[in-house]
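Engineer:
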Amino acid sequence: MISLLFGLAGALMVGIQQALSEARAVLRSDLKMQAFLAVAPTDQDATKLSRAIQSADPAIQAITYQSKEQAFQEASKDPLFSKSLLLLKENPLPASFTIRFNDDAWSDRSDPSQNLRSFHEIQDLQWDASARTVFRSLTQWLNWFKRLDLVAAGLLAIWLLFGVGGFLSRRCPVGVLLPQLAVGMAGGAIAVGVWSLALRHLGADAAAYRPAMFSILPLVIGGVVGIASFGWGEPVER
Numbered sequence: 000m001i002s003l004l005f006g007l008a009g010a011l012m013v014g015i016q017q018a019l020s021e022a023r024a025v026l027r028s029d030l031k032m033q034a035f036l037a038v039a040p041t042d043q044d045a046t047k048l049s050r051a052i053q054s055a056d057p058a059i060q061a062i063t064y065q066s067k068e069q070a071f072q073e074a075s076k077d078p079l080f081s082k083s084l085l086l087l088k089e090n091p092l093p094a095s096f097t098i099r100f101n102d103d104a105w106s107d108r109s110d111p112s113q114n115l116r117s118f119h120e121i122q123d124l125q126w127d128a129s130a131r132t133v134f135r136s137l138t139q140w141l142n143w144f145k146r147l148d149l150v151a152a153g154l155l156a157i158w159l160l161f162g163v164g165g166f167l168s169r170r171c172p173v174g175v176l177l178p179q180l181a182v183g184m185a186g187g188a189i190a191v192g193v194w195s196l197a198l199r200h201l202g203a204d205a206a207a208y209r210p211a212m213f214s215i216l217p218l219v220i221g222g223v224v225g226i227a228s229f230g231w232g233e234p235v236e237r
């Protein structure tokens with residue numbers, strides 16, 4: 000029963016972290032900053048400015064330039080704007096850079112564009128604030144779970160250490176330990192089955208969150224519980 004409960008707890012923690020990681024990966028594709036330029040530069044000036052911007056902030060992973068003409072072509076594909084653009088004599092859309100930062104910039108900074116405000120060529124900076132808020136929240140939850148993982152692993156390691164010490168000090172035969180270990184592994188295997196069944200009943204979306212290691216983790220925990228419980232038990236006569 001103990002190994003079953005511990006195995007379910009381990010599978011649940013890993014499953015939640017996997018779901019959070021996948022949700023954060025989906026949001027990461029939406030996290031980009033648009034830097035609109037006051038004046039459309041030449042291709043040579045755009046290349047120089049792109050390098051200067053990337054040098055000013057090491058958190059920038061990628062930067063892509065879009066000219067006024069390219070922006071017009073992209074906007075023309077949208078039926079809501081194409082007719083309005085055709086009525087205008089001049090192209091009103093500005094040239095821009097699409098900037099992608101690393102996760103730390105989106106999660107830790109109060110203003111992800113703090114190193115770009117000094118460029119007078121940049122007229123405006125925009126990004127999806129709601130997507131960034133959710134991304135930061137998911138990151139904080141993942142960091143909390145990682146700390147919880149370390150605490151749980153430390154407690155299991157200490158429990159296992161004392162359990163093995165107790166087993167060795169009593170000089171018990173291996174044949175006495177094996178049934179206890181088998182019981183622990185059986186509890187972990189049952190935890191795998193319960194976890195898979197629960198995911199299947201929650202629907203296809205939940206069933207997709209099956210980390211590769213979750214089926215191994217409950218078995219490992221079950222073995223640890225079996226050995227530790229045996230070591231903490233009463234001495235066994237040979």
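Numbering-wise (numbering that gives the first Met the number 0), the sequence shown opens with residue 0 and increments by one.
Backbone N, C-alpha and C fix where the C-beta goes; we use that ideal spot for every residue, glycine too.
Just so it is clear, the structure is predicted and the values come from calculations on it, not from any experiment.
(1) When we look at the beta-carbon of Gln65 and count the other beta-carbons within 10 Å, is it buried (16 or more) or exposed?
(2) Would you mind working out which of Leu155, Trp158, Ala34 sits nearest Ala94, comparing C-alpha positions?
(3) If Leu159 and Val223 are in contact, beta carbons under 8 Å, what's the gap, nearest whole angstrom?
(4) How big is the Cα-Cα spacing for Ala39 and Ala24?
(5) Give the DSSP bridge partners of Arg99, in chain order.
(6) Pull up the CB-CB distance for Asp56 and Leu124, whole angstroms please, since I reckon it's below 8 Å.
(7) Looking at the strands, I want to know which residues DSSP matches up with Gly121.
(8) Pick helix, strand or coil for Ser28, following the three-state DSSP scheme.
(9) Roughly how many angstroms separate the alpha carbons of Phe118 and Met32, rounded to a whole number?
(10) Would DSSP call Arg108 helix, strand or coil?
(11) Alpha carbon to alpha carbon, how far is Val182 from Ala188?
(12) If you run the structure through DSSP and keep just helix, strand and coil, what is Glu21?
Structural biologist: Based on what the coordinates show:
(1) Sequence index remark: in the sequence shown, residue 65 carries index 66 (1-based). Burial call: buried.
(2) The residue you call residue 94 lines up with position 95 of the sequence shown. Closest by alpha carbon: Ala34.
(3) Along the sequence shown, read from residue 1 onward, the residue named residue 159 stands at position 160. Along the sequence shown, read from residue 1 onward, the residue named residue 223 stands at position 224. About 5 Å separates the two Cβ atoms, so the contact holds.
(4) Numbered from 1 along the sequence shown, position 40 holds the residue referred to as residue 39. Numbered from 1 along the sequence shown, position 25 holds the residue referred to as residue 24. Computed Cα separation, rounded: 33 Å.
(5) Mapped onto the sequence shown, residue 99 falls at position 100. According to DSSP, which records beta bridges pairwise, Arg99 is partnered with Ala61.
(6) On the sequence shown, position 57 is the one that residue 56 refers to. On the sequence shown, position 125 is the one that residue 124 refers to. Rounded, the Cβ-Cβ distance is 12 Å, inconsistent with contact.
(7) In the sequence shown, residue 121 corresponds to position 122, counting from 1. Looking at the sequence itself, residue 121 is Ile, so the reference to Gly does not match. DSSP, once it has assigned bridges, lists Leu36 as partnering Ile121.
(8) In the sequence shown, counting from the first residue as 1, residue 28 sits at position 29. DSSP places Ser28 in coil when its eight states are reduced to three.
(9) Locating residue 118 in the sequence shown gives position 119, counting from the first residue. Locating residue 32 in the sequence shown gives position 33, counting from the first residue. So the alpha carbons of these two residues sit roughly 15 Å apart.
(10) Taking the sequence shown and counting its residues from 1, the one referred to as residue 108 is at position 109. Coil, per DSSP.
(11) Stepping through the sequence shown from its first residue, residue 182 is reached at position 183. Stepping through the sequence shown from its first residue, residue 188 is reached at position 189. The straight-line gap from Cα to Cα measures roughly 10 Å.
(12) Counting from 1 along the sequence shown, the entry for residue 21 is found at position 22. In the structure shown, Glu21 sits in a helix (DSSP, three-state: H, G or I).
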